[in-house]
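Reading through the structure tokens given below for one structure.
2 protein chains.
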Amino acid sequence: MVQYRHARLDASFGALSDPTRRAVLLQLGRADASITDLADKFHMTLTGMKKHVIVLEQAGLVSTQKIGRVRTCKLGPRQLEAEIAWLESYRELWNARFDALDEVVQQLKQKEKNP
Amino acid sequence: MVQYRHARLDASFGALSDPTRRAVLLQLGRADASITDLADKFHMTLTGMKKHVIVLEQAGLVSTQKIGRVRTCKLGPRQLEAEIAWLESYRELWNARFDALDEVVQQLKQKEKNP
DNA sequence: TCTATACTGAACCATATGGTTCAGTATAGG
DNA sequence: CCTATACTGAACCATATGGTTCAGTATAGA
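Quick note, the sequences are listed as chains A and B, same order.
Be aware that the first sequence starts at 15, since it is given in our numbering, and climbs by one per residue.
Be aware that the second sequence starts at 15, since it is given in our numbering, and climbs by one per residue.
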């Protein structure tokens, strides 16, 4: 059974609802990057990008480490299993609803044949 | 290739980031419901629930039909394929990053053995 | 026809979000 | 030591979000 009232889902789906943050995740999939790297790449101030990184970090989608002046961002630690599980369970529900609908349709067809 | 800058993803992940809306989806998976039904179930005003339904509707996760006084809400039409695809592609990226890391670790181990 | 029900829309509120600027602090490197 | 770089934090701004209340409109049913 999947957990539904889950603050982690709030955070991760919230983080994923912004296109810049989704793009940052994909970028980090290609290479680790500093805040400055990301800010340049996405035409945004350092401070602005920092906020996005904080959101991603709080959702567990990015981890960072500061060495000297530079804070390096990388993917992880979470792989979004819970989110995928939620979507899959939704898909099952959705299928169940429409299978049930099919059944009703079938029954109606039967009644048509044998009234 | 999955589409990344996609307004639909903004809408659906945004819709899913609220626990009430996730719960409403699950509820609709069990049975269609009027706005009043949902408002009662989630201890909220009609107007408040209406807003949630509008968000879900705009994300394509719920469809509604008004018959007489009653607006009935049900699942659909979207099954969240695009969202699942996005998360899966993220997972691949994530695995690739950590596989690459594994490789580096393996190479370091090799050098240890044959210095 | 009358009344209760079901919704709708506008207005309001507090807080969150996605950005900015500006003024720091800390460190790398000549 | 000096300066440029990299970040941090506070303050600000406009708009969005998640709720409310209140005043309608429209329809179901006695």
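A virtual CB, placed ideally from N, CA and C, is assigned to each residue, including glycine.
Quick caveat: nothing in here was measured; it's all calculated off a predicted structure.
The CB of R111/B comes closer than 7 Å to the CB of G43, L89 in chain A, given here in chain order. Three or more beta-carbon pairs separated by less than 8 Å link the stretch 78 to 88 of chain A to the stretch 42 to 52 of chain A, which places the two stretches in contact.
Within chain A, no C-beta atom comes less than 9 Å from the C-beta of Q79/B; the nearest is roughly 14 Å away.
C-alpha of H66/B to C-alpha of D46/A: approximately 38 Å in a straight line. For Q79/A, DSSP records a beta bridge to T86/A. Proximity to E97/B across D32/B, D113/B, A73/B peaks at A73/B, based on C-alpha coordinates. For the 7 Å CB-CB criterion, L75/B and A29/B form a contact. The alpha-carbon separation between I81/A and L40/B amounts to approximately 45 Å.
At a cut-off of 7 Å between beta carbons, G62/B makes no contact with chain A.
With respect to chain B, the C-beta atom of E97/A has a partner C-beta closer than 7 Å.
Secondary structure of S31/B (DSSP, three-state): coil.
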